[in-house]
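One structure is given here, and the rest of the page talks about it.
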Amino acid sequence: MRKKLLFLAFFVLISSFSFAKIKKTDKLLFNDNEKVVYDGNSVILSGFKGNGKINIYSIIGNKIKSTELIELSSAIVPLDLKKGNMYIIQVNYLSGKIKTFKIIAL
Numbered sequence: 002m003r004k005k006l007l008f009l010a011f012f013v014l015i016s017s018f019s020f021a022k023i024k025k026t027d028k029l030l031f032n033d034n035e036k037v038v039y040d041g042n043s044v045i046l047s048g049f050k051g052n053g054k055i056n057i058y059s060i061i062g063n064k065i066k067s068t069e070l071i072e073l074s075s076a077i078v079p080l081d082l083k084k085g086n087m088y089i090i091q092v093n094y095l096s097g098k099i100k101t102f103k104i105i106a107l
């Protein structure tokens, strides 16, 4: 009897999970070509398309630097970051789309 109850509980638990199907038209897919790299004295964006602004924050949310409107495909932001700390890079497209990245200054 106990085995039947355990099996029934397990079956109910497993069947209660629903799996969402992602269609090709969904905008939730990631673009692996978009990358943010810190090379020691500047933040470099690659794989981006279009114009936008870049905001750089410390991990606790203090704004370190903000750029004016720039071409994101060739964006290089000169910046001296403290080594060993984590930073948040926010890319704001003109279309209103926002992407965030985390980097560690090495």
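According to the numbering used here, the residues represented by the sequence shown are 2 to 107, in order. Backbone N, C-alpha and C fix where the C-beta goes; we use that ideal spot for every residue, glycine too. As the structure is a prediction and not an experimental result, all values here were calculated from the model.
In this chain, the beta strand (DSSP E) harbouring leucine 46 covers 43-47. For glycine 53, the enclosing beta strand (DSSP E) starts and ends at 52-59. Serine 75 sits in a helix when the DSSP states are folded into three classes. Taking 7 angstroms as the cut-off, the Cβ atoms of tyrosine 39 and isoleucine 104 count as close. Counting the other Cβ atoms within 10 Å of the Cβ of leucine 46 gives 16 or more, which makes it buried.
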